[in-house]
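A.B. asks: For the sequence shown, the working numbering assigns the number 15 to the initial residue and increments by one for each residue that follows.
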Amino acid sequence: MPDTPAMPSSGFRRLSVVAAITSLVVIAIGGATRATDSGLACPTWPGCFSGGDFLPPVDVSAVDGLGRSVSGLNVWLEHSHRLVAGVLGLMVAALLVWVLARHRRTPGLLWPVVAAAVAVNIQALLGALVVWNLVKVELVTTHLGLGTATMALLVYVAARSQGPLRRPSRAERLVRMWRFAAVVTGVLWLQILVGGHLTGVMGGLAFVNDPALGLFSIGPITMEPEAVNVVHRYLGFVVAGLAMATAGRMRRAGIGGAPQTWARVAASLTGIQVLLGVANLWSSLSFLSVIPHLAVASWILAAMVMVLISLCRADEQSAVDVTTDTLVEVPA
């Protein structure tokens, strides 16, 4: 299919979808890197053990940026995170060149692609700063926040490449639902940041002997890790409630189809996420539960972005249906 002002070619659409999926892979590998404490397994940047070392040996046994012994698995988790992020950067660069060449005047496409390109480059810089500053907590949290925001942008670009998207403005029930879902998405993103910061300050096991903390009691809080732990738990309850409320409000408003499906996906994933959080406590932060906990968080965010997008589509369809109804000839 050739490019048109409103609809990019099939090649652009496929590339945008692959880029969105790749961004989720980058986040998952980044989570695995953190869960296995491999963030400094490659002590230099952009190469692993030197500036141009882009293919370190698989069976290497080396010392990381903090002087600790690391295995080839640690090295390749960190290095593969960089490599896949580099592939994502090339994809976004291709999307940027494509949109500048053929879609500079396409509404809702140019600036999201430009923003994604800027974000990817800032992410690369943050990745370097994380290594150079020995995984400083604030930098790692910022790195995670921008990474998940970039993923959301790329999901939007992939959806926009399939056709125009506009914020709901016609059907009142869709307008209200979109606003509610936007708040839920914002709270969820905040929870991801708090969770990332919790890992950074090593507060995941601050109250390991009190798994019901936040339901029946709070504290004592004497240190930052304990405070962040409590905030993460309370926000977890809030996010779980909001995710279920989104699906419930969707059903009560009679909104079916894709919006309801994605709302149910987000609510189901949130339930799984809660169980993974409990598994983190029971396993003393085993990487077998920490890695999926980090990955599923990004999937929930992607699902909520799809809720917003599908509500836009539903609003457009409602306008088409109204227009079609007015054109139907009423027999005398």
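Beta carbons are placed, not taken as given, at the ideal position from N, Cα and C, and that holds for glycine.
Nearest-angstrom Cα distance between residue 152 and residue 211?
C.D. replies: Translated into the one-based positions of the sequence shown, residue 152 becomes position 138. Translated into the one-based positions of the sequence shown, residue 211 becomes position 197. Taking the straight line from one Cα to the other gives about 7 Å.
A.B. asks: Going by DSSP, what residue range makes up the alpha helix (DSSP H) through residue 54?
C.D. replies: As a first step, residue 54 is located in the sequence shown; it is residue number 40 there, counting from the start. Neither: residue 54 is in no alpha helix (DSSP H) and is coded neither H nor E.
A.B. asks: Does the distance from the C-beta atom of residue 312 to that of residue 162 stay below 8 Å?
C.D. replies: Taking the sequence shown and counting its residues from 1, one reaches residue 312 at position 298. Taking the sequence shown and counting its residues from 1, one reaches residue 162 at position 148. Yes, Cβ-Cβ distance for residue 312 and residue 162 is below 8 Å.
A.B. asks: Determine the burial state of residue 268: buried for a count of at least 16 other Cβ atoms within 10 Å of its Cβ, exposed for fewer.
C.D. replies: Looking up residue 268 in the sequence shown gives position 254. Exposed.
A.B. asks: Taking the alpha-carbon of residue 88 as reference, which of 50, 107 and 80 has the nearest alpha-carbon?
C.D. replies: The residue labelled residue 88 in the question sits at position 74 within the sequence shown. Checking every option, the nearest Cα to that of residue 88 belongs to 50.
A.B. asks: Would you say residue 31 and residue 172 are within 8 Å of each other, going by their C-beta atoms?
C.D. replies: Mapped onto the sequence shown, residue 31 falls at position 17. Mapped onto the sequence shown, residue 172 falls at position 158. Taking 8 Å as the Cβ cut-off, residue 31 and residue 172 qualify as a contacting pair.
A.B. asks: Quick one: grab the DSSP three-state call for residue 76.
C.D. replies: Mapped onto the sequence shown, residue 76 falls at position 62. DSSP places residue 76 in strand when its eight states are reduced to three.
A.B. asks: What separation, rounded to the nearest whole angstrom, lies between the Cα atoms of residue 223 and residue 160?
C.D. replies: Translated into positions along the sequence shown, residue 223 becomes position 209. Translated into positions along the sequence shown, residue 160 becomes position 146. C-alpha separation (whole angstroms): 33 Å.
A.B. asks: Three Cβ pairs or more, each shorter than 8 Å: is that satisfied between the segment 179-196 and the segment 44-63?
C.D. replies: Segments in contact, no.
A.B. asks: Could you give the distance in angstroms between the alpha-carbon of residue 323 and the alpha-carbon of residue 96?
C.D. replies: On the sequence shown, position 309 is the one that residue 323 refers to. On the sequence shown, position 82 is the one that residue 96 refers to. Going from the Cα of residue 323 to the Cα of residue 96 covers about 30 Å.
A.B. asks: Among the candidates 131, 278, 82 and 158, whose CA atom is the shortest distance from the CA of residue 33?
C.D. replies: Working through the sequence shown from its first residue, we reach residue 33 at position 19. Closest option to residue 33, Cα to Cα, is 131.
A.B. asks: Contact defined as beta carbons within less than 8 Å: I believe residue 175 pairs with residue 273. What is the distance between those atoms, to the nearest angstrom?
C.D. replies: Within the sequence shown, residue 175 is the residue found at index 161, counting from 1. Within the sequence shown, residue 273 is the residue found at index 259, counting from 1. About 20 Å separates the two Cβ atoms, so there is no contact after all.
A.B. asks: For residue 102, which residues of its own chain have a beta-carbon under 7 Å away from its beta-carbon, when the five flanking residues on both sides are left out?
C.D. replies: As a working note, residue 102 is residue 88 in the sequence shown. Taken in chain order, the residues that qualify are 33, 36, 37, 40 and 134.
A.B. asks: If distances are taken between C-alpha atoms only, which option among 279, 244 and 242 comes closest to residue 259?
C.D. replies: As a first step, residue 259 must be located in the sequence shown, where it is residue number 245. Per the Cα distances, 279.
A.B. asks: Should residue 24 go down as buried or exposed, given a rule of 16 or more other Cβ atoms within 10 Å for buried?
C.D. replies: Translated into the one-based positions of the sequence shown, residue 24 becomes position 10. Result: exposed.
A.B. asks: For residue 90, count neighbouring C-beta atoms within 10 Å of its own C-beta (all shown protein chains included) and say buried if the count is 16 or more, exposed if not.
C.D. replies: If you number the sequence shown from 1, residue 90 lands on position 76. By the 10 Å Cβ count, residue 90 comes out buried.
A.B. asks: Decide if residue 284 is buried, meaning its Cβ has at least 16 other Cβ atoms within 10 Å, or exposed.
C.D. replies: Within the sequence shown, the letter at position 270 stands for residue 284. So residue 284 counts as buried.
A.B. asks: Compute the beta-carbon to beta-carbon distance between residue 208 and residue 149, rounded to the nearest angstrom, for a pair I have assumed lies under 8 Å.
C.D. replies: Along the sequence shown, one-based indexing puts residue 208 at 194. Along the sequence shown, one-based indexing puts residue 149 at 135. Not really, about 18 Å apart at Cβ, beyond 8 Å.
A.B. asks: With DSSP as the reference, label residue 83 as helix, strand or coil.
C.D. replies: Taking the first residue of the sequence shown as position 1, residue 83 is located at position 69. Residue 83 falls in the strand class under three-state DSSP.
A.B. asks: Just the C-alpha distance for residue 109 and residue 126, rounded to the nearest angstrom, thanks.
C.D. replies: Here residue 109 corresponds to residue number 95 of the sequence shown, with the count starting at 1. Here residue 126 corresponds to residue number 112 of the sequence shown, with the count starting at 1. About 11 Å.
A.B. asks: Apply the 10 Å Cβ neighbour rule to residue 340 and answer buried if 16 or more other Cβ atoms are within range, or exposed otherwise.
C.D. replies: Counting from 1 along the sequence shown, the entry for residue 340 is found at position 326. Confidence is the limiting factor: at residue 340 the pLDDT is only 38, short of 50, which leaves the residue's position unreliable, though a coordinate-based value still follows. The residue in question, residue 340, is exposed, as its Cβ has fewer than 16 Cβ neighbours within 10 Å.
A.B. asks: Taking the straight line between their C-alpha atoms, what separation do you get for residue 281 and residue 257?
C.D. replies: The residue you call residue 281 lines up with position 267 of the sequence shown. The residue you call residue 257 lines up with position 243 of the sequence shown. Cα to Cα, residue 281 sits roughly 5 Å from residue 257.
A.B. asks: Using only the alpha-carbon positions, how far apart do residue 117 and residue 111 sit?
C.D. replies: As a working note, residue 117 is residue 103 in the sequence shown. As a working note, residue 111 is residue 97 in the sequence shown. Roughly 10 Å separates the two Cα atoms.
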